[in-house]
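Peer 1:
2 protein chains.
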Amino acid sequence: MDLHILDHRLRVTCISKNGLANFTHALIKLIFLRNRTRCKFFSLTETPENYTVVLDEEGFKELQPSEHLQVESSTWLPLNVVSNGNISSSSQAVGVTKIAKSVIAPLAQQHVSVFMLSTYQTDFILVREKDLSVVISTLEEEFNIYREVEGESVPVGCQNVSNVLQKNGKEALHPTVHPVLIPQNQFGVMSLDPDTLPSIATTLIDVLFYSNRLRC
Amino acid sequence: MDLHILDHRLRVTCISKNGLANFTHALIKLIFLRNRTRCKFFSLTETPENYTVVLDEEGFKELQPSEHLQVESSTWLPLNVVSNGNISSSSQAVGVTKIAKSVIAPLAQQHVSVFMLSTYQTDFILVREKDLSVVISTLEEEFNIYREVEGESVPVGCQNVSNVLQKNGKEALHPTVHPVLIPQNQFGVMSLDPDTLPSIATTLIDVLFYSNRLRC
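Protein chains in written order, with the numbering used here: chain A, 47 to 262; chain B, 47 to 262.
#1: Would you call residue 234/B buried or exposed, if buried means 16 or more other Cβ atoms sit within 10 Å of its Cβ?
#2: Using three-state DSSP, classify residue 212/B as helix, strand or coil.
#3: Residue 256/B by DSSP, collapsed to three states: which one?
#4: With a floor of 3 residues, list each beta strand (DSSP E) that falls wholly inside the stretch 108–193 of chain A, ordered by position along the chain.
#5: Can you tell me which of the three DSSP states residue 80/A falls into?
#6: Whose C-beta lies closer than 6 Å to the C-beta of residue 228/A among residues of the same chain, with five residues either side of it excluded?
#7: What are the residues in the stretch 73–95 of chain A lying within 7 Å of chain B by C-beta distance?
#8: Express the C-alpha separation of residue 255/B and residue 157/B in angstroms, rounding to a whole number.
#9: Pick helix, strand or coil for residue 49/B, following the three-state DSSP scheme.
#10: For residue 182/B, which residues in chain A fall below 9 Å Cβ to Cβ?
#11: The beta strand (DSSP E) with residue 101/B in it runs from where to where?
#12: How long is the line joining the alpha carbons of residue 182/B and residue 54/B, rounded to whole angstroms?
#13: Would you say residue 192/A faces chain B, with C-beta separation under 8 Å as the test?
#14: If you follow the beta strand (DSSP E) that residue 56/A is part of, which residue opens it and which one closes it?
#15: Got a sec: is the Cβ-Cβ distance from residue 225/B to anything in chain A below 8 Å?
#16: In terms of alpha-carbon separation, which member of 75/B, 49/B, 69/B lies closest to residue 250/A?
#17: DSSP state of residue 233/B, grouped into three classes?
#18: Would you please verify whether the beta carbon of residue 244/A is less than 8 Å from any beta carbon of chain B?
#19: What are the boundary residues of the beta strand (DSSP E) that residue 90/B is part of?
#20: Since residue 201/B sits in a beta bridge, which residues does DSSP pair it with?
#21: Got a sec? Which residues, its chain only, sit under 7 Å from residue 109/A by beta carbon, not counting five neighbours each side?
#22: Whose Cβ in chain B lies nearer than 7 Å to the Cβ of residue 256/A?
#23: I think residue 145/B touches residue 127/B, with their Cβ atoms under 8 Å apart; what is that distance to the nearest whole Å?
#24: Quick one: what's got a C-beta closer than 8 Å to residue 125/B's C-beta in the same chain, skipping five residues either side?
#25: Which same chain residues, not among the five before or five after residue 257/A, have their C-beta less than 6 Å away from its C-beta?
#26: Return the chain-ordered list of same chain residues with a C-beta closer than 6 Å to the C-beta of residue 189/B, the five sequence neighbours on each side being excluded.
#27: Just checking: is the beta-carbon of residue 51/B within a distance shorter than 8 Å of some beta-carbon in chain A?
#28: Please decide whether residue 148/A counts as near chain B, where near means a Cβ-Cβ distance under 8 Å.
#29: Rounding to the nearest angstrom, what Cα-Cα distance links residue 80/B and residue 95/A in this structure?
#30: For chain E, is any of its Cβ atoms less than 8 Å away from the one on residue 61/B?
#31: Hey, how far is the Cα of residue 142/A from the Cα of residue 93/B?
#32: Say whether chain B places a C-beta atom closer than 8 Å to the C-beta of residue 71/A.
#33: According to the neighbour-count rule (16 or more other Cβ atoms, all chains shown, within 10 Å of its Cβ), is residue 105/A buried or exposed?
#34: In chain order, what residues of the same chain have a beta carbon less than 6 Å from the beta carbon of residue 121/A, not counting five sequence neighbours either side?
#35: What would DSSP say about residue 224/B, mapped onto helix, strand or coil?
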């Protein structure tokens with residue numbers, strides 16, 4: 047399997063529900079007016095409590111500091127796992143189950159946190175930039191690792207990173223038990239051609255920014 | 047000619063250019079999401095310096111007080127002049143030239159200010175609510191005056207208002223000379239079926255809120 051370190055430097059932020067109106071200007075620009083910004087990675091997730099916004103550094107510049115905006119201090123890099131070859135039509139995205147076994151579990155053994163971000167097409171594994179050398183050391187046995195640089199996939203050799211892996215060959219692998227929470231929500235998942243976005247803009251804007259009575 | 051006092055109580059406000067982002071949330075709601083608000087009269091005019099927003103009291107509630115928002119203290123009522131009958135397909139809107147002669151000039155003699163607001167279809171003459179009795183006294187000789195109340199046109203008799211007109215029958219009419227300024231701007235004027243608004247929403251949002259480099 048191949049692991050691609052994508053060419054985005056991401057920030058993970060959180061906007062409180064009652065502060066959303068302060069960010070309508072920036073978010074509409076980021077979502078609907080792609081020519082107005084150089085942001086190339088943007089994700090917005092609404093939960094009952096707040097909004098999680100993941101976006102690259104160009105997009106992050108659009109968000110004005112505010113008491114309603116929490117920003118995780120790290121820079122995150124998105125990883126993408128494919129079953130063979132480059133990220134192209136011939137390659138297969140790898141599902142979350144396999145990712146959990148081959149990426150998340152080994153990283154957890156090294157105390158590396160991940161932030162999973164799934165889309166209709168694929169799953170991104172976000173890791174902190176400062177953990178990258180540990181990530182590479184941990185995963186290079188199982189994966190061919192490539193770093194995307196300006197559209198090119200550059201192989202990453204182990205010599206490229208300082209090996210700070212705490213070798214745990216002598217330790218027994220500890221079985222880890224995680225509690226599983228299943229919320230009642232039911233989700234529809236859809237994918238949209240960016241060119242069709244304008245035709246549903248007012249509907250999306252309505253749902254995103256005005257559908258909650260409390261914040262209208 | 048008939049003069050209709052329309053059933054809207056309006057506020058005249060001004061948003062500074064560099065404060066626009068604070069009002070994106072409210073303005074997009076007022077412009078594009080008509081089901082979300084009970085605002086029935088809304089006008090936004092961009093000039094090089096700022097935005098003039100005229101809207102009824104329901105719409106005005108959406109604008110958060112801010113250092114970037116100036117609000118004219120009066121409540122204004124829109125008047126509409128038609129050449130005959132009710133405001134309907136059979137009546138003719140009256141042009142600004144005729145309005146200037148028959149409405150604005152006589153009101154100016156009584157020191158009543160007006161705010162002209164032209165649309166593709168018609169011209170509104172806004173007068174301050176506190177000036178209404180003077181307006182009626184001044185114009186009732188030349189016009190049949192009706193007040194729109196919940197969709198009905200109710201004739202306004204002179205007995206309905208306290209006559210505070212300063213009779214100036216003995217004064218000579220003073221010719222008034224006004225300077226005329228002709229800006230270089232060239233305007234396109236178009237009218238839009240509200241149902242087609244969603245299809246151009248992102249374009250309009252782009253032009254309205256993001257077209258000025260300084261404020262993006």
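Note that CB positions come from ideal geometry on N, CA and C, so glycine has one too.
Peer 2: Answer, in terms of the structure:
#1: In this structure residue 234/B is exposed. Its beta-carbon is surrounded by fewer than 16 other beta-carbon atoms within 10 angstroms.
#2: Because residue 212/B carries a pLDDT of 46, less than 50, the predicted location of this residue cannot be relied on, and no value is offered for it.
#3: helix
#4: 115–117, 122–128, 160–164, 169–174
#5: helix
#6: none
#7: 74, 75, 78, 79, 82
#8: So the alpha carbons of these two residues sit roughly 37 Å apart.
#9: Three-state DSSP puts residue 49/B in a strand.
#10: By Cβ distance, chain A contributes nothing, its closest Cβ being about 38 Å from residue 182/B, past 9 Å.
#11: 96–102
#12: 17 Å
#13: no
#14: Note, residue 56/A: beta strand (DSSP E), 56–62.
#15: no
#16: Just measuring C-alpha positions, the residue of 75/B, 49/B, 69/B sitting nearest residue 250/A is 75/B.
#17: coil
#18: For residue 244/A, the answer is yes, since a Cβ of chain B falls inside 8 Å of its Cβ.
#19: Going by DSSP, residue 90/B is part of the beta strand (DSSP E) stretching over 88–92.
#20: 192/B
#21: Result list for residue 109/A: 59, 69, 72, 115, in chain order.
#22: 75, 79, 82
#23: 6 Å
#24: Taken in chain order, the residues that qualify are 49, 50, 51, 52, 149, 170, 171, 172, 173, 181.
#25: By the criterion of a C-beta distance shorter than 6 Å, residue 257/A is surrounded by no residue of its chain, once the five residues flanking it on both sides are discounted.
#26: 47, 49
#27: no
#28: no
#29: 27 Å
#30: In the displayed structure, chain E is absent; the protein chains listed are A and B.
#31: Answer to the nearest angstrom: the Cα atoms are 53 Å apart.
#32: yes
#33: Residue environment: residue 105/A is assigned as buried (16 or more neighbouring CB atoms within 10 Å of its CB, all protein chains considered).
#34: Closer than 6 Å at Cβ, skipping near neighbours: 55, 175.
#35: coil
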